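To start, the structure under review is shown below, and the notes come after it.
Protein chains: 2
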Amino acid sequence: MAVSKAKSAAFNAALEAGKYIKERRGNIKHIDYKGAFNIVTDVDKASEKMILEILKSDFPDDSYVAEEGGGHEASKTERRWYVDPLDGTTNFTHSYPFFCVSIGMEEAGQMMLGVVYNPIADELFYAERGKGAFLNDEPITVSAIGELRHSLLATGFPPDTGIIQPHNNMVPFTTLTNLSHGVRRDGSAALDLCFVACGRLEGFWELKLAPWDIAAGSLIVEEAGGRVSDLADGPMDISTGHILATNKLIHDEVVAEMKKLDLK
Amino acid sequence: MAVSKAKSAAFNAALEAGKYIKERRGNIKHIDYKGAFNIVTDVDKASEKMILEILKSDFPDDSYVAEEGGGHEASKTERRWYVDPLDGTTNFTHSYPFFCVSIGMEEAGQMMLGVVYNPIADELFYAERGKGAFLNDEPITVSAIGELRHSLLATGFPPDTGIIQPHNNMVPFTTLTNLSHGVRRDGSAALDLCFVACGRLEGFWELKLAPWDIAAGSLIVEEAGGRVSDLADGPMDISTGHILATNKLIHDEVVAEMKKLDLK
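As given, the protein sequences belong to chains A and B, one line each in that order.
So for the first sequence, this note's numbering puts the first residue at 42; every next one is plus one.
So for the second sequence, this note's numbering puts the first residue at 42; every next one is plus one.
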């Protein structure tokens, strides 16, 4: 069965790349700015190379979508990998200890496998479609909190907030801060999704994320018993990257608040 | 010399209470709401009792200011302890892994000693006036980043944001998100101050904090080479709790932005 071989390759790639990233923390040779706002380092690029080499040695004919451009589309496969070699690059460059490697695999348009590894906390989140979600081999589930007012949430803002999108997500942030225990803003969408999956957060939303940010984490949330949609409760579309992920119990309440805001 | 005895007592209290808090994570018997908004658990109370017993056994005649009300003012001493038995209680109740114990000691109105312990990361931050700042016994210094636009910041919002103070701090949050690499909002002021001290953040600000939130952390920032003031660059007053702490290099630039906002 392809999934168990894929699982083994994804674990191996995430752990190897995570170890490398952890060693390089606080020792960055070069910072570039993608499109003037988005930080990328030599560590992002080296981590991606490492991951793609491991995955491609087992799955040379698959398609790969990777943040630093090392992917390619294959014509003869229905299997596609989404690779974020370092989610939370801004945190990483500042040594703020919240970043991860994220690897997702889809077959025939459906996410089948998600692996997210935080090398600082040594936490490996994993899910396989239909088989549940795990943190370091222990099963995880979303939280049982049923009301928004008792919930802890998280969100993020895109790198070009301030120049191109000055008001991006500030209205939802203010609104949901006022209605909940608070909104964390910790700088890694993939880890925020895993925190929803293991019950540390009741919900997470963000706008305009990239496919590699959410491919693995969205499956991990669903397999932990949570719900993933766009902000209006339609199907989450990995190409637009608008996402709301919750413990399912508060989903309708958050969607109702989002609908009041008339978001663009 | 009193400081070395005080240091030993504060280390002992922070490590003991931190160990207890870590064990109780995810296993809370009772949540109260102080003043309808501020969460307090049986763990906050037990941690405070543990810390005060340790400190008072060595310093029975000192004054104590503690978050859960276990303190008392002594008339014959110029020495006062500030104890936050669990900074980041909201995070703790959700098992979001970012909370700490904070213990500060002042003599004759001047902070002399600060100890902050994060039991999940096992990070003990420490400073003694005139002797530098340390993380797990290694000296720490603030970051060398000199421009706001290349800085990572953090802030917080009070528990009653939404009802009593609906717009609290949202304008500074939006403004500084737009001018920097981003503003983290992770739910523990004491840890945010320590992150400024060790260079993981260039700056932190918040309004209306309590003395026990900032007593230890503000000394740790100063001893690591940073600068602490109120938001208008006047002296930080522990009784009003408006604080701006930076790596010193970006301080004037942040103060200039705050002055434009005409904060109440």
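Positions of the beta carbon are idealized from the N, C-alpha and C atoms, including for glycine.
These figures come from a predicted structure and were not determined experimentally.
Provide the residue span of the beta strand (DSSP E) that contains residue i, from first to last.
| i | result |
| --- | --- |
| residue 182 (chain B) | First-last for residue 182 (chain B): undefined, no H or E at that position. |
| residue 225 (chain A) | 223 to 225 |
Name the two residues that bound the continuous alpha helix (DSSP H) containing residue i.
| i | result |
| --- | --- |
| residue 92 (chain A) | 83 to 99 |
| residue 115 (chain B) | Element bounds for residue 115 (chain B): n/a, residue is neither H nor E. |
| residue 103 (chain B) | Unbroken run through residue 103 (chain B): none, as it is neither H nor E. |
| residue 298 (chain A) | 292 to 301 |
| residue 219 (chain A) | 211 to 220 |
Less than 8 Å between the CB atoms is what I'm expecting for residue i and residue j, so what's the real figure, rounded?
| i | j | result |
| --- | --- | --- |
| residue 95 (chain B) | residue 53 (chain B) | 6 Å |
| residue 230 (chain A) | residue 258 (chain A) | 7 Å |
| residue 268 (chain B) | residue 292 (chain B) | 5 Å |
| residue 124 (chain A) | residue 92 (chain A) | 5 Å |
| residue 187 (chain B) | residue 226 (chain B) | About 24 Å; that fails the 8 Å criterion. |
| residue 117 (chain A) | residue 102 (chain A) | 6 Å |
| residue 51 (chain A) | residue 144 (chain A) | 5 Å |
| residue 240 (chain A) | residue 287 (chain A) | Rounded, the Cβ-Cβ distance is 11 Å, inconsistent with contact. |
| residue 265 (chain B) | residue 181 (chain B) | 5 Å |
| residue 129 (chain A) | residue 228 (chain A) | 5 Å |
| residue 165 (chain A) | residue 194 (chain A) | The pair is not a contact, with the Cβ atoms about 24 Å apart (cut-off 8 Å). |
| residue 233 (chain B) | residue 220 (chain B) | With a Cβ gap of about 18 Å, residue 233 (chain B) and residue 220 (chain B) do not count as contacting. |
| residue 299 (chain B) | residue 213 (chain B) | 7 Å |
| residue 307 (chain A) | residue 168 (chain A) | With chain A running from 42 to 305 in the structure shown, residue 307 (chain A) is simply not present. |
| residue 134 (chain A) | residue 80 (chain A) | 6 Å |
| residue 156 (chain B) | residue 289 (chain B) | So it is not a contact: roughly 23 Å between Cβ atoms. |
| residue 238 (chain A) | residue 108 (chain A) | Between residue 108 (chain A) and residue 238 (chain A) the Cβ distance is about 21 Å, and since that is not below 8 Å, they are no contact. |
| residue 114 (chain B) | residue 104 (chain B) | 5 Å |
| residue 126 (chain A) | residue 161 (chain A) | Contact doesn't hold; Cβ gap of about 16 Å is too wide. |
| residue 55 (chain B) | residue 146 (chain B) | Their Cβ separation, rounded to whole angstroms, is 12 Å, which puts residue 55 (chain B) and residue 146 (chain B) out of contact at 8 Å. |
| residue 64 (chain B) | residue 189 (chain B) | Not confirmed; about 41 Å, so no contact. |
Kindly identify the DSSP beta-bridge partner or partners of residue i.
| i | result |
| --- | --- |
| residue 285 (chain B) | B:246, B:270 |
| residue 107 (chain A) | A:124 |
Taking only heavy atoms of the ligand NAP into account, decide whether any of them is closer than 7 Å to the Cβ of residue i.
| i | result |
| --- | --- |
| residue 99 (chain B) | The ligand NAP is not part of this structure, which contains no ligands at all. |
For this session: Let me know the alpha helix (DSSP H) ranges lying completely inside the segment 117 to 200 of chain B, each 4 residues or longer, listed in chain order.
Result: 130 to 134
For this session: Would you mind listing the alpha helix (DSSP H) stretches within the segment 237 to 283 of chain B that are 4+ residues and don't spill past its ends, in chain order?
Result: 252 to 264
For this session: Scan the segment 124 to 136 of chain B for residues whose Cβ lies nearer than 9 Å to a Cβ of chain A and list them as they occur along the chain.
Result: 131, 132, 134, 135, 136
For this session: Could you run through the segment 102 to 127 of chain B and flag, in chain order, every residue whose CB is less than 9 Å away from some CB of chain A?
Result: none
Problem set entry | Cβ-based contacts, 8 Å cut-off: residues of the segment 245 to 278 of chain A near chain B | none
For this session: Please name the residues in the segment 166 to 192 of chain A whose beta-carbon is closer than 7 Å to at least one beta-carbon of chain B, in chain order.
Result: none
Problem set entry | Members of the segment 220 to 237 of chain B near chain A, C-beta cut-off 9 Å | 220, 221, 222, 223, 224, 225, 226, 227, 228, 236
Exercise. For the segment 49 to 65 of chain B, which residues have a CB atom closer than 9 Å to at least one CB atom of chain A, in sequence order?
Worked result: none
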